[in-house]
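> Adding 793 to a residue's 1-based position in the sequence shown gives its number in this note's numbering.
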Amino acid sequence: MIDDAVRIGKEFKAQAVLGIGGGSPIDTAKAVAALLPVDKNANARELFMERKPPQSSLPVISINTTHGQEPKLIDTMLRRFMREIIR
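(1) Compare the Cα-Cα distances from Gln848 to each of Leu828, Val799, Met842, Ile856 and report the closest residue.
(2) Can you find at least 3 beta carbon pairs, one from the region 829-838 and one from the region 852-861, that sit closer than 8 Å?
(3) What residues match up with Asn857 in a beta bridge as DSSP calls it?
(4) Measure how close the beta-carbons of Ala824 and Leu851 come, nearest whole angstrom, since I'm counting them as under 8 Å.
(5) Which of the three DSSP states, helix, strand or coil, is assigned to Val799?
(6) How would you call Leu871, buried or exposed, if buried means at least 16 neighbouring beta carbons within 10 angstroms?
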């Protein structure tokens with residue numbers, strides 16, 4: 794999943810990574826953001842197996858939707874956020 798997102802992000806020339814969800818989606822977004830600036834064809838396994846901190850990362854925008862938050866509030870926040878991005 795991470796490697797697929799990195800491939801798509803490179804094709805798209807992403808300038809930031811948006812993570813929406815709980816812990817796993819946010820951690821996935823952070824990994825993608827760390828791999829996108831890498832010039833070589835590094836993959837997630839190499840990033841974590843080498844245990845070297847990345848030298849750079851794209852910005853990560855995290856929207857936490859963990860249990861206990863009001864679903865209607867989350868929906869409203871996401872709609873407002875997406876309207877701002879599209880402008």
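Note that the Cβ used here is the ideal one computed from N, Cα and C, for glycine as well.
On the basis of the data shown:
(1) The residue you call residue 848 lines up with position 55 of the sequence shown. The option with the nearest alpha carbon to Gln848 is Leu828.
(2) no
(3) Mapped onto the sequence shown, residue 857 falls at position 64. BP columns for Asn857 point to Gly814.
(4) As a first step, residue 824 must be located in the sequence shown, where it is residue number 31. As a first step, residue 851 must be located in the sequence shown, where it is residue number 58. Actually they do not touch by this definition, with Cβ atoms about 11 Å apart.
(5) Locating residue 799 in the sequence shown gives position 6, where the first residue counts as 1. In the structure shown, Val799 sits in a helix (DSSP, three-state: H, G or I).
(6) If you number the sequence shown from 1, residue 871 lands on position 78. Exposed, by the Cβ-count rule.
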